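J.: Here it is, the structure in full.
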Amino acid sequence: MRQFFIFILLNIYSACYAQPTDTIWTVILGGEGIDFASSIERLTSDNYAVAGSFYSPSNPSGSFLAVLTEDGDTLFTRILGDLGVTDVFQVRAIDSEAFVFSGSYFQLGLGNKIVVGKMSLSGELEWLHHYDDLNAWIGFDIVCDEDSQHLTIVGGKPFGGSTPDAVIFKTDIDGDTLWSRAFGGANCEHFESVIQSCDGGYVAVGIDCPNNPGAFRVIVTKVTTDGDSLWTNYLGPDPRSWAHGICLTPDCGFLIVGEYETDDQDSQVLAIKTDSLGNELWTKTYGGSESDKCYGVRALSSGGYLLCGSTTSYGHGNIDTYLININEESDTIWTATYGTEYSEYARSLAIAANGEIILAGGTRQASGGNATDLFVTKMVDSQAIDLDTVSIVPAEFDLLSAYPNPFNPTTTISFNLNKQSSVKLNVFDVTGRQVSTLIDDNLTAGKHQVMFDGAGLPSGIYFARLQAVSRTMTRKMVLLK
Numbered sequence: 023m024r025q026f027f028i029f030i031l032l033n034i035y036s037a038c039y040a041q042p043t044d045t046i047w048t049v050i051l052g053g054e055g056i057d058f059a060s061s062i063e064r065l066t067s068d069n070y071a072v073a074g075s076f077y078s079p080s081n082p083s084g085s086f087l088a089v090l091t092e093d094g095d096t097l098f099t100r101i102l103g104d105l106g107v108t109d110v111f112q113v114r115a116i117d118s119e120a121f122v123f124s125g126s127y128f129q130l131g132l133g134n135k136i137v138v139g140k141m142s143l144s145g146e147l148e149w150l151h152h153y154d155d156l157n158a159w160i161g162f163d164i165v166c167d168e169d170s171q172h173l174t175i176v177g178g179k180p181f182g183g184s185t186p187d188a189v190i191f192k193t194d195i196d197g198d199t200l201w202s203r204a205f206g207g208a209n210c211e212h213f214e215s216v217i218q219s220c221d222g223g224y225v226a227v228g229i230d231c232p233n234n235p236g237a238f239r240v241i242v243t244k245v246t247t248d249g250d251s252l253w254t255n256y257l258g259p260d261p262r263s264w265a266h267g268i269c270l271t272p273d274c275g276f277l278i279v280g281e282y283e284t285d286d287q288d289s290q291v292l293a294i295k296t297d298s299l300g301n302e303l304w305t306k307t308y309g310g311s312e313s314d315k316c317y318g319v320r321a322l323s324s325g326g327y328l329l330c331g332s333t334t335s336y337g338h339g340n341i342d343t344y345l346i347n348i349n350e351e352s353d354t355i356w357t358a359t360y361g362t363e364y365s366e367y368a369r370s371l372a373i374a375a376n377g378e379i380i381l382a383g384g385t386r387q388a389s390g391g392n393a394t395d396l397f398v399t400k401m402v403d404s405q406a407i408d409l410d411t412v413s414i415v416p417a418e419f420d421l422l423s424a425y426p427n428p429f430n431p432t433t434t435i436s437f438n439l440n441k442q443s444s445v446k447l448n449v450f451d452v453t454g455r456q457v458s459t460l461i462d463d464n465l466t467a468g469k470h471q472v473m474f475d476g477a478g479l480p481s482g483i484y485f486a487r488l489q490a491v492s493r494t495m496t497r498k499m500v501l502l503k
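Going by the numbering used here, the first residue of the sequence shown is number 23, and it counts up by one from there.
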């Protein structure tokens, strides 16, 4: 089992790695082979789970998971190749104690299988399932229901076959299959991303290959919570359109992102906005004259979206990380590239509690040659993003730690809502007696803050309890006079 070399760069210029001026920290994980990150997710503990893959001479294929702190320190890395996991494509938070991941396993002579697992924040693998009966090879994405009791996974068989290749299946929290559905025909369909819609169903996007050789198009499908098919649409400009990601829009529609490939094999970033039934409202491409791609998207509560990917049209003349901020009407608010003279690309992004951007992907700058290292970068662009005016829609419901804590006599309690919800925020003492009602109202999605004043209370331990989006979270506070 190979070793990973970890470098943490904190706004320091060096001859071999010159960071952008707005980079807060960068972590590089890698060795002598090819390593890259497929996904990054902010956990409820304000740590970050990172998923990826590596390929080296000593180990032809493998996968790994890592958890980083908000300051870029590595809590642990786990290599999973020996456990029957070849690639990990997505990681999602469940609660403050664990996260789940989806990927694939390849065994010579036996083919590929979709793999789903659950891991604690201490790096312990709680369970791992290989799904043999789905006629699909890769689990590209996974989503956890609001109640944290069910998982929905999408994937497929990218290289085609004689049977439907795109698959959606649902499991309980222990990974046991509840139902599965296949879509498509004898082509190369697969789903790369899935979200839960406003009404509780599931919407998946990916690629569909029609009968026209060399052509492909975006497929978007919606099913109910029980897996019943509601509708399927095919979108995107001809001849080749591909969807990598999807997010909800404020009107319960969807923004689909990916790439549009032209006849000369160059590509542009593709964004398609639809209504709640998957009908196209607008389609827009972004980029220059060379190759530009988009892999991840996050919705902004201000009404716009943040897209991440790669570009060779702009930047340093090689592959650079590419960020695009657009509004609801598809207009570009700003674009930014990040990187050096070495190749670098982002495959996934997360948003910190304070609005800072965390990107994960691959870079060649540490390894040299054609080898690629995984990188995670935390950054803020003071010119591109005004953190005082832009609110990010969180990926999950979360009650953050009070600050300051201990406090005397006031502290600020912050929490995130990933959708509009009825909210109750109360404070209790150690006997369970309610001492304050801070919020009892219907609030919009986004980050919220409220001050708690303990001037009239004795020193001691208190608990803030948040009830919203059908969930309850509690945080401990210490009043020290």
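Where is the CB? At the ideal position from N, CA and C, for every residue including glycine. In this text the structure is predicted, and so the values were computed from the model without any measurement.
#1: Give the single residue among D297, T357, T399 and M499 whose Cα lies nearest to the Cα of Y425.
#2: On the DSSP letters alone, give me the boundaries of the beta strand (DSSP E) that R369 sits inside.
#3: In whole angstroms, give me the CA-to-CA distance for S112 and Q471.
#4: Measure from the alpha carbon of F474 to the alpha carbon of each residue in M495, L447 and I164, then state which is nearest.
#5: Whose C-beta lies closer than 6 Å to the C-beta of K244 among residues of the same chain, with five residues either side of it excluded?
#6: Rounded to the nearest angstrom, what separates L299 and G275 at their Cα positions?
#7: Please go through the same chain and pick out, in chain order, the residues whose beta-carbon is closer than 7 Å to the beta-carbon of D408, but skip the five residues on each side of it.
#8: Tell me whether G280 is buried or exposed, calling it buried when 16 or more other Cβ atoms sit within 10 Å of its Cβ.
#9: Quick one: what's got a C-beta closer than 8 Å to D463's C-beta in the same chain, skipping five residues either side?
#10: Is DSSP giving D104 helix, strand or coil here?
#11: Using a Cβ-Cβ cut-off of 8 Å, state whether A293 counts as contacting chain B.
#12: Which residues bound the beta strand (DSSP E) around I56?
#13: Give the range of the beta strand (DSSP E) segment to which W201 is assigned.
#14: Please report the distance separating the alpha-carbon of R493 from that of V398.
#15: Look at the alpha carbon of W356 and the alpha carbon of D163, and state the distance between them as a whole number of angstroms.
#16: Taking the Cβ atom as the reference point for each residue, do G478 and V452 lie within a distance shorter than 8 Å?
#17: Drop a sphere of 10 angstroms on the beta-carbon of K179, count the other beta-carbons inside from all chains shown, and report buried for 16 or more, exposed for fewer.
#18: Specify, as a first and last residue, the run of the beta strand (DSSP E) that T333 falls within.
#19: Drop a sphere of 10 angstroms on the beta-carbon of D155, count the other beta-carbons inside from all chains shown, and report buried for 16 or more, exposed for fewer.
#20: Under the DSSP definition of a beta bridge, which residues are partnered with L488?
#21: Between G145 and the rest of its own chain, which residues show a CB-CB distance below 6 Å, the 5 nearest in sequence each way excluded?
#22: Verify whether the separation of the beta carbon atoms of V240 and I175 is less than 8 Å.
#23: Taking F366 and G383 to be in contact with their CB atoms under 8 Å, please state how far apart those CB atoms are, rounded to whole angstroms.
#24: Taking 7 Å as the limit between beta carbons, can you name the residues of its chain near T433, skipping five residues before and five after?
#25: Per DSSP, what are the beta-bridge partners of C316 in this structure?
#26: DSSP on V452, reduced to helix/strand/coil?
#27: Mind checking whether I116 and N134 have CB atoms under 8 Å apart?
#28: Exposed or buried, D250, counting other C-beta atoms within 10 Å across all chains shown (16 or more means buried)?
#29: CB-CB under 8 Å to A120, same chain, minus the five flanking residues each way: which ones, in chain order?
#30: In terms of alpha-carbon separation, which member of T45, E350, N255 and I136 lies closest to F205?
#31: For the candidate residues A467, V449, Y327 and T296, whose alpha-carbon lies nearest to that of L488?
#32: Looking at C-alpha atoms only, which residue of E283, I50 and T354 is the closest neighbour of D260?
#33: Counting only the same chain and skipping the five closest in sequence on each side, list residues whose C-beta sits under 8 Å from that of R203.
T.: In terms of the structure at hand:
#1: M499
#2: E366 to I373
#3: The identity of residue 112 in the sequence shown is Gln, whereas the question assumes Ser. Between Q112 and Q471, the C-alpha separation is close to 30 Å.
#4: L447
#5: G223, V225, L252 and W253
#6: 7 Å
#7: Note that D408 scores 36 on pLDDT, short of 50, meaning its location in the model is unreliable; the coordinates nonetheless yield the value given after this. Answer for D408: no residue qualifies.
#8: buried
#9: S444 and V445
#10: helix
#11: In summary, chain B is missing from the structure at hand, where a single protein chain is found.
#12: I56 to R64
#13: T199 to F205
#14: 31 Å
#15: 28 Å
#16: no
#17: buried
#18: Y327 to T333
#19: exposed
#20: L447 and M495
#21: F98 and R100
#22: no
#23: Sequence check: residue 366 is Glu here, not Phe. Contact flag correct, Cβ pair sits at about 7 Å.
#24: A424, Y425, P426, N427, F474 and M499
#25: G331
#26: coil
#27: no
#28: exposed
#29: K140, M141, S142, L143 and E148
#30: N255
#31: V449
#32: E283
#33: V189, I190, F191, V245, G249 and S251
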